[in-house]
Every structure is written in C-alpha cells, then in structure tokens.
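*Asks:* Residues in the sequence shown are numbered from 294 upward in steps of one, following the numbering used here.
C-beta: ideal position from N, C-alpha, C; glycine also.
Predicted model only: the values in this text are computed from it and were never measured.
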Amino acid sequence: MSAQDGRNIYVKLIVPGNSNLYVDESLKTIASGKNYKSGIIPFKSGVPISSESDFLSFMKAEGIYSAANVKCVITKNLNMTGYQTSMSTLRGSAVSAFAGELDGDFHTVNYLSNPLFYLCSGSSSSPAVIKNMIIKNAKITNDGTYGNGSTGIITINIGNYVEVKKLFLVQADLMSKFDTGFINGWTLSDQGIGYLIDECGSVGGSSKANAGAGSVGGLSGNPRNGNISNSYSIGTVVSGPTRASGLIGISGSTGVNIYAANKVTGGNFGSNGLDGGIASVTNAFYDSTITGITGKSVNGDGLSTKELIGNNLMPKFGTSLWNYKEGYYPRLNWIAGNPVADLYAATRGGFISIDGNTTTDQLFNGEFYGTIKVPADLQKNGFSYSSSNDSVVKITQGGTIVPVGAVNSRATITIRYDDAENGGYASNTYDFTVKQTVKALASVSVSGTTNPGQKLTATASGASTYQWYKRKSGSTQRVAV
C-alpha cells in the first residue's frame, strides 16, 4: 500500500441487504443497498501510532517501531501526561538515530515531558522527516545529565539530512545547560547538512539555558548548517547566559521569510532579536518593540510591532504560504484558523472600540478612552478572560473591556484558550492604560430559564440609567434591547 501514499481515496459504506432494520442518526429507516460515500481524503501509509503507549514505544524504538527508518502516522490526538521516558532511552542514545518519517497528520500531542528523539539523522537519498503536527504544553528539562546538556521538543541533537515541516509548537517550557530551542537544541559538529526547517511556528512559553556556553533560540538553538524558511516565533521568553536570540540561537546557512517577536534577555556574547549568525538571510525580521533591540540582529532587521503587523510583510513574504490580517502578525496559511495561532498573532491593534471613543492607533499603543472588546477571533468557544485588577479594568465573560480606574492607571488582560476538542491550553497577555474613566455597573444578574418561550429577568446596580444589549451565543454581534 505504500505505493498509494499521498493519493486521494474515499470510503464507501453499503447498507447490508438483509432483513435487519438499519436507521440513521435521526432514527429514520435506511433502505437496504443504500450507498454512503465519503469526501475525498488523502491516503497515508505507515505504521499507526494510535495511543499514548504506542507513541512512547515509538520514542523508545520498541516493537513494531524499532527500525531506524520506520515510517509512522499518528492517528489521534495524544495526551502524554504520565507517559514519559528517560532521555537515555530515546532514539539516537540507546539505539540508532531516527532516520524515518513521523507524520502527525495534523493531530495534537499534549504535555510531553521528554523530547521525541535524542538524535535525528538521515541520508541525502532518504532524509529523516518530521511533519504535520501540533505540540502543546511540553515541559522539558535537561540538567546536563544527558549528552552535552542541550534540549528541544523534537530532538536534542541534529545530524545530517533532517526535514522538519509544518510543526506548530505551543507554550512549552524548556530548560537546559547548553543549546536550547523548541525544535532542536544542538547540531553535531560540522553537521546540519540538509537540515531544513520549513513552515514551522512556535508561540508562548520559554526557551532557556541556565548555565554553560550554549545558544538559545525560540525555534532552534543551533541549526549549524541548517536552512530555515517561512517560519516564525511569537511570545516566547528566550534567555541564556551566553547567546540568546529570538528565532535562532546561533549559526545557520540560510534564512528566508522568517520573523520573531520574542522577549530576549541575557546573552553575554550576543543578545539578538532574530538570530545569532545565519550566513545569509532574505526577508528576515524581528520585533524591536518587544525585544528592545534596535538595528540589525546580526542579519535580521528590527521593525516595530506596527511595521510587522497587517499587510506590511505581504510584499516580502507573499500570499502562497502566509495569511495577513489588520492588527495581527502574519500567520502561516496552514494554521491561520487555529485559535491558538490567532491568540498569539493578535496584537492590541486587533481590539475593537465599541463606543467609537478610541482610535485604532490608540488601541495599538495600549491606551483606551472608552469601552472596547477583544478581537472577534478571540470571542469563540474555549476563550476566557481575566483582568489583573478589576478596579482598573473590568472585562466581561463575553470579552467587553471597560476602563473603570483612574486616568493613567494600568492593568493586564489575560486571554486563555482551553482546547476541549484537541486538548491543551494557551494564554496571552495585553497591557492597557486607562485614558478616560467609564462608569460600569457594580453588579449584574440574570434569572429565569433559557428554555424557548420563557422570560429572563435582568437586574443591575451601580447606575441610575443603563442600556442592555443581547448577544447570541457563538456570535460577536451585540444588539441593543
């Protein structure tokens, strides 16, 4: 069946022609012999990874997953809580390096506590491939016990001929004593030939080294001779005592259509907004507003947040792989509709004034003169909101934000997304300064039943007059009552 890999197929279900009664989901009778045909789906061959224990066996190269060049497909979302192994048992440490293919089929892997591999290394004719996967909330530490003390979510070390494509790495916390990055920490000396990172994104969390002479990046610590294209990192705290950079800690052969918007600290031998030494870059940028670093970052150009968002990078990056929206950082097309990608791409410029008293520029600068609301993309099911100080800034369950504190007082709004379908979570913060105080109700309550035809009674206190609005569940439109 491997010869059919990548081809389009469909599934046909034929109701048996026997005397049994068959009904559909509405309990309506289905006639015998009726055919149901699915939509077209791509066929993928490979050894299935269908459970958390399967994935653990894959990482340890056990049983049907033992071959170095095994080709595997993840068939469901995985929660790896309670499923972990020592780094010494991973591929490339206890057994040969991973040289096969891992296709996540766009499933989500949550709560990893160890890297997938100790070492990945393929060949020019058959590279190791890791692709099509979302990984959330990994928490990985290498205290120096294993190898040179590096770490990453995908692999600690890279050899030659490794292709990493379409990975989205969300709110991980990494700590090591050497090279650190969301995809990989270190690349073996004089290697990284044929190493490709393409269409990958990382958001939130932290990438840190607390000792040693390592290099730390948001996406990769040290890709050495690797090539990075069409990739980004947003909202990650990157820090290390030696070298720290927003996207790539140090080294690299080429970088094309890449950017970072991360907080970078430390780096006695180099603290850079984007990279610590890619040999050649094209269309490479970092957010100088976030990092506080201006000018060039070895190669990348520093731009303000306002210069990076919306359509500003469209002439450079194009539209075949990238998605653009006013008030948002560019997102890769393949994850543009992902709520977490939206959460981290949205800046304050994406918030909306309800009463018209605050301009877009004022919102972008975190100043508001009236009632505002969170971006429509962040008002969907699964999102929740909180304020660091309700006496300064109030926020409702529906995402309406009211400046109730004294002028020039500040508060932080936290927006969190809990993924009920795929598991995991993500959160982002936005700082706002009150520029004009708005009166808000002290209390609001609704009583009654929500059954059709029944009445609801709403009561409020804190003002002599007020206006009620209604909003249909799942909608972002508010209508005066």
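Would you call the region 427-445 and the region 403-411 in contact, with 3 or more CB pairs under 8 Å?
*Replies:* Touching, yes.
*Asks:* In chain order, what residues of the same chain lie with their CB nearer than 6 Å to the CB of alanine 553, ignoring the 5 residues before and after it?
*Replies:* Closer than 6 Å at the Cβ level, and outside the excluded window around alanine 553, lie Gly511, Ser526, Gly539, Leu540, Leu567 and Tyr579.
*Asks:* Only counting the same chain, and skipping five residues up and downstream in sequence, which positions put a Cβ closer than 6 Å to that of arginine 517?
*Replies:* Result list for arginine 517: Thr480, Gly485 and Ser544, in chain order.
*Asks:* Is the distance from the Cβ of methionine 426 to the Cβ of valine 402 below 8 Å?
*Replies:* Yes, they are a contact pair.
*Asks:* State the Cα-Cα distance for the pair valine 530 and isoleucine 446, rounded to the nearest angstrom.
*Replies:* Using only the alpha carbons, I get a separation of about 16 Å.
*Asks:* If you draw a straight line from the alpha carbon of tyrosine 759 to that of glycine 692, how long is it in whole angstroms?
*Replies:* Going by the C-alpha atoms only, they are around 19 Å apart.
*Asks:* Under 8 Å, with one C-beta from each stretch per pair, do the region 734-752 and the region 698-713 reach the 3-pair mark?
*Replies:* No, the region 734-752 is not in contact with the region 698-713.
*Asks:* Between the alpha carbons of arginine 624 and valine 737, how many angstroms are there, rounded?
*Replies:* Rounded to the nearest angstrom, the two C-alpha atoms are 38 Å apart.
*Asks:* What's the C-alpha gap between glycine 440 and glutamine 655?
*Replies:* Going by the C-alpha atoms only, they are around 50 Å apart.
*Asks:* Using a Cβ-Cβ cut-off of 6 Å (strictly less than) and excluding sequence neighbours within five positions of isoleucine 342, which residues of its own chain qualify?
*Replies:* Taken in chain order, the residues that qualify are Phe348, Phe351, Cys365 and Ile367.
*Asks:* Give the straight-line distance between the Cα atoms of isoleucine 428 and phenylalanine 399, rounded to the nearest whole angstrom.
*Replies:* Approximately 10 Å between the Cα atoms of the pair.
*Asks:* Within 8 Å, do at least three Cβ pairs link the region 446-457 to the region 417-425?
*Replies:* Yes, since at least three Cβ pairs between the region 417-425 and the region 446-457 fall closer than 8 Å, the two stretches touch.
*Asks:* Could you tell me which of Leu383, Asn721 and Val695 sits nearest to serine 359, measuring between CA atoms?
*Replies:* Measuring from the Cα of serine 359, the nearest candidate turns out to be Leu383.
*Asks:* Below 8 Å between beta carbons: does that hold for glycine 442 and phenylalanine 475?
*Replies:* Cβ atoms of glycine 442 and phenylalanine 475: not closer than 8 Å.
*Asks:* How about valine 686 and alanine 699: are their beta carbons less than 8 Å apart?
*Replies:* Not in contact: valine 686 and alanine 699 (Cβ atoms no closer than 8 Å).
*Asks:* Should alanine 735 and glycine 717 be called a contact, given that it needs their Cβ atoms to be closer than 8 Å?
*Replies:* Cβ atoms of alanine 735 and glycine 717: not closer than 8 Å.
*Asks:* Give a yes or no on whether 8 Å exceeds the smallest Cβ distance from isoleucine 357 to chain D.
*Replies:* Judged by its chain identifiers, the structure shown contains no chain D, having just a single protein chain.
*Asks:* Compare the C-alpha of glycine 393 against each of Tyr404, Gln377 and Ser416 and name the closest.
*Replies:* Selected option, being the one with the closest Cα: Ser416.
*Asks:* For the region 627-645 and the region 659-670, state whether three or more C-beta atom pairs, one from each stretch, are separated by less than 8 Å.
*Replies:* Touching, yes.
*Asks:* Exposed or buried, which one is tryptophan 761 when buried takes at least 16 other CB atoms within 10 Å?
*Replies:* Flag for tryptophan 761 reads exposed.
*Asks:* In the DSSP assignment, the alpha helix (DSSP H) including serine 346 goes from what residue to what residue?
*Replies:* That run of the alpha helix (DSSP H) goes 345-352.
*Asks:* Would you kindly check if the distance between the Cβ of asparagine 520 and the Cβ of glutamate 492 is under 8 Å?
*Replies:* Contact: no.
*Asks:* Between which two residues does the beta strand (DSSP E) containing threonine 247 stretch?
*Replies:* The structure shown does not extend to residue 247, since the chain is modelled only from 294 through 774, so no value can be given for it.
*Asks:* Less than 6 Å between C-beta atoms, sequence neighbours within five positions excluded: which residues of the same chain meet that for valine 496?
*Replies:* Once the five neighbours on either side are set aside, the close Cβ partners of valine 496 are Val463, Ile527, Gly528 and Tyr637.
*Asks:* Alpha carbon to alpha carbon, what distance is there between isoleucine 602 and lysine 618?
*Replies:* C-alpha separation (whole angstroms): 8 Å.
*Asks:* Express the C-alpha separation of serine 513 and proline 534 in angstroms, rounding to a whole number.
*Replies:* So the alpha carbons of these two residues sit roughly 16 Å apart.
*Asks:* Given a cut-off of 8 Å, decide if isoleucine 706 and serine 680 are closer than it, judged by their beta-carbon atoms.
*Replies:* Yes; because the gap between Cβ atoms is below 8 Å, this pair is in contact.
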